[in-house]
Amino acid sequence: MRKTAKDLGEYDELPSHTRQDIRDTRRDTFESRRDLKLFSGISAEPLNSFFRETYSRACDYLLKSSRLCYQLVFLIPCPAIFDCRGVAFSKLPGSDRRAPLLEIPAGSIPAIDRHPSLRQTSGRRRERRRKSMAGSWSAAELPRKEAGVLRGHEGAVLAVRFNGDGNYCLSCGKDRTLRLWNPHRGIHIKTYKSHGREVRDVHVTSDNAKLCSCGGDRQVFYWDVATGRVIRKFRGHDSEVNAVKFNEYGFVVVSAGYDRSVRAWDCRSQSTEPIQIIDTFTDSVMSICLTKTEIIAGSVDGTVRTFDIRMGRELVDDLKQPVNCISLSNDANCILANCLDSTLRLLDRTTGELLQEYKGHICKSYKMDCCLTNSDAHVIGGSEDGFIYFWDLVDASVISSFRAHASVVTSVNHHPKDCCMITSSIDGTIRVWKA
Numbered sequence: 235m236r237k238t239a240k241d242l243g244e245y246d247e248l249p250s251h252t253r254q255d256i257r258d259t260r261r262d263t264f265e266s267r268r269d270l271k272l273f274s275g276i277s278a279e280p281l282n283s284f285f286r287e288t289y290s291r292a293c294d295y296l297l298k299s300s301r302l303c304y305q306l307v308f309l310i311p312c313p314a315i316f317d318c319r320g321v322a323f324s325k326l327p328g329s330d331r332r333a334p335l336l337e338i339p340a341g342s343i344p345a346i347d348r349h350p351s352l353r354q355t356s357g358r359r360r361e362r363r364r365k366s367m368a369g370s371w372s373a374a375e376l377p378r379k380e381a382g383v384l385r386g387h388e389g390a391v392l393a394v395r396f397n398g399d400g401n402y403c404l405s406c407g408k409d410r411t412l413r414l415w416n417p418h419r420g421i422h423i424k425t426y427k428s429h430g431r432e433v434r435d436v437h438v439t440s441d442n443a444k445l446c447s448c449g450g451d452r453q454v455f456y457w458d459v460a461t462g463r464v465i466r467k468f469r470g471h472d473s474e475v476n477a478v479k480f481n482e483y484g485f486v487v488v489s490a491g492y493d494r495s496v497r498a499w500d501c502r503s504q505s506t507e508p509i510q511i512i513d514t515f516t517d518s519v520m521s522i523c524l525t526k527t528e529i530i531a532g533s534v535d536g537t538v539r540t541f542d543i544r545m546g547r548e549l550v551d552d553l554k555q556p557v558n559c560i561s562l563s564n565d566a567n568c569i570l571a572n573c574l575d576s577t578l579r580l581l582d583r584t585t586g587e588l589l590q591e592y593k594g595h596i597c598k599s600y601k602m603d604c605c606l607t608n609s610d611a612h613v614i615g616g617s618e619d620g621f622i623y624f625w626d627l628v629d630a631s632v633i634s635s636f637r638a639h640a641s642v643v644t645s646v647n648h649h650p651k652d653c654c655m656i657t658s659s660i661d662g663t664i665r666v667w668k669a
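As numbered in my numbering, residues 235 to 669 make up the sequence shown, in order.
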């Protein structure tokens, strides 16, 4: 169960008017910080004095309590001080020195264990969350009709991804190449070659100018899309790299690997050293998702970990089963996790509650993607027998299933706007599906 100050009996011991003041302070602070961009390059000095003053007032009161540590962590958001470049800093415990928030020592970041269980959560609240996400699509509108087959990879295709507007897609595979496609016209546009071993993941910036990739050669590649030139190679992982993602602004790449670490790389810097290393995992990290302020990672150690960059906090959701893929809902309120016990699990990002479980497919040995439709009405997952499954988000019933490939389905990706889906497989093909 998630630990909070209230669970420890500290919050209730405060006077009622003080509790209200703290709630008001926290709400006002979050509202003021909502539009801050962590790496925007815009000075936030006008807000710094507000954060420091708010934090100081809270500390003056909380210092009177012997439970200062927990109350600081759970009741008052730790202020971020921005330098002239817009880089966030946080004051280290027991020191006057400021350290970049992306470089705070691991021991100073509190980890909070959250153990989601259907038996531990409110059924009514869980049902409201699922219904609020459910869209209006009917089963007849699901992308189940094959609209095209993309061929060109010489071996298994390990991942396929739409770009931001869904007009193009990128694929990567065992043949050590990345390929750019127009899936709607069935056209192969460009091939990117430089990897020394298989390519396991690929991601493109929102402006389609740069892309990043990773694979078995233990490196993260940063590419120019138009020229096909490798701009930079980031080295640092001690083993194969499983996943890569750009941040929202496209100049930080986050990678995850078999060396049980997540690393962040600055694409604007000439340095090839990571700007942050997170190594709190106990097994391989298979998948990552990014929000404006958080890094979310799924690991074979059975956990989904959320690292809040601004707050300097780690949340741990222990699913007790190896996680090989995670995906965010389109409203970013939920996490979909694919586990190696042939079960997809839907988690509430805020509370860590287990909202629903989806079963019927086979997932025991391979890394396979999962996702939700762009309306968040249905869950999509592949299977090791070549089938694609669609589940109803609310009641977890199988709406549809059909054989899409001759072998393991490695990747599924839904179009960001239209009723369209692309899938890839070990059989070497990429297939386009429409309603």
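Here a beta-carbon is modelled for each residue, glycine too, at the ideal position from N, C-alpha and C.
For clarity, every value in this text was computed on a predicted model and none was experimentally measured.
Can you tell me which of the three DSSP states residue i falls into?
i, result
"E375", "helix"
"Y440", "Checking the sequence shown, residue 440 turns out to be Ser, not Tyr. Looking at S440 - three-state DSSP - the assignment turns out to be coil, as it is neither helix nor strand."
"K668", "strand"
"Y426", "strand"
"V628", "coil"
"Y483", "coil"
"R353", "Here the model assigns R353 a pLDDT of 37, short of 50, so the residue's position is not dependable, and the following value carries that caveat. Residue state, collapsed to three classes: helix."
"Q453", "strand"
"E380", "strand"
"G616", "strand"
"C559", "strand"
"I509", "coil"
"T683", "Nothing can be reported for residue 683, as the shown portion of the chain is limited to 235 through 669."
"K467", "strand"
"R419", "coil"
"A393", "strand"
"M602", "coil"
"A640", "coil"
"D409", "coil"
"G400", "coil"
"A691", "Lying before the first or after the last residue shown, residue 691 is absent from the chain, which here runs from 235 to 669."
Report, in whole angstroms, the separation of the C-beta atoms of residue i and residue j, which I expect to be a contact under 8 Å.
i, j, result
"R413", "R431", "No, R413 and R431 are not in contact; Cβ-Cβ is about 17 Å, not under 8 Å."
"R589", "L581", "In the sequence on display, residue 589 carries Leu and not Arg. The pair is a contact, with the Cβ atoms about 7 Å apart (cut-off 8 Å)."
"H639", "D661", "5 Å"
"Q453", "R434", "About 11 Å; that fails the 8 Å criterion."
"G449", "S473", "At roughly 11 Å, the Cβ-Cβ gap does not stay under 8 Å, so G449 and S473 are not in contact."
"S447", "H429", "7 Å"
"K424", "G462", "6 Å"
Report the residue from the options whose alpha carbon sits nearest the alpha carbon of residue i.
i, options, result
"C559", "C403, C501, N572 and I529", "N572"
"K651", "K479, N401 and G546", "N401"
"V666", "I569, L392 and C403", "C403"
"R637", "S645, N647 and G620", "G620"
"E528", "N567, S599, S447 and T425", "N567"
"E380", "P556, M655 and F480", "M655"
"C523", "E482, Q510, V433 and P508", "E482"
"T684", "R579, D500, S489 and V391", "Only positions 235 to 669 of the chain appear in the structure, and residue 684 is not among them; the question remains open."
"A498", "P508, I622, R539 and A460", "P508"
"F480", "R469, A460, Y456 and S473", "Y456"
"L549", "A531, A630 and V478", "A531"
"I664", "S533, R539, T516 and R395", "R395"
"A390", "P377, S521 and G407", "G407"
"Y600", "L392, R378 and G586", "L392"
"D451", "T461, S440 and V475", "V475"
"T439", "C501, R378, I569 and V632", "C501"
"Q555", "I569, G546, T577 and R539", "T577"
"L376", "S631, H471, T607 and N647", "T607"
"I596", "S617, C605, Q510 and R583", "S617"
"V632", "S533, G594, V534 and D399", "G594"
"S645", "V613, C653 and C605", "C605"
Taking just the CA atoms, how far does residue j sit from residue i?
i, j, result
"A278", "R544", "Residue placement at A278 is poorly supported in this model, since its pLDDT is 36, which falls under 50; the coordinates still yield a value, given next. Each residue's alpha carbon lies about 14 Å from the other."
"N564", "V464", "31 Å"
"N442", "L384", "21 Å"
"G615", "K467", "32 Å"
"W625", "V643", "16 Å"
"T657", "G382", "11 Å"
"S405", "V436", "7 Å"
"L627", "V519", "26 Å"
"S561", "L553", "15 Å"
"E591", "Y623", "14 Å"
"F515", "D610", "30 Å"
"D493", "I512", "11 Å"
"E388", "S659", "12 Å"
"T585", "D551", "10 Å"
"H649", "K668", "10 Å"
"G676", "N397", "Because the chain spans 235 through 669 in this model, residue 676 falls outside it and cannot be assessed."
"I569", "D458", "31 Å"
"G386", "W415", "10 Å"
"A460", "V557", "35 Å"
At a Cβ threshold of 8 Å, is residue i touching chain C?
i, result
"G491", "The structure shown contains no chain C, having only a single protein chain."
For residue i, is the beta carbon positioned less than 7 Å from some heavy atom of the ligand PLP?
i, result
"I543", "Among the components modelled here there is no ligand, and therefore nothing to report on the ligand PLP."
- Message: Please give me, in chain order, every unbroken run of the alpha helix (DSSP H) with length at least 4 that falls completely inside the segment 511 to 594.
- Response: Taking only runs of at least 4 residues, no alpha helix (DSSP H) segment lies wholly in the segment 511 to 594.
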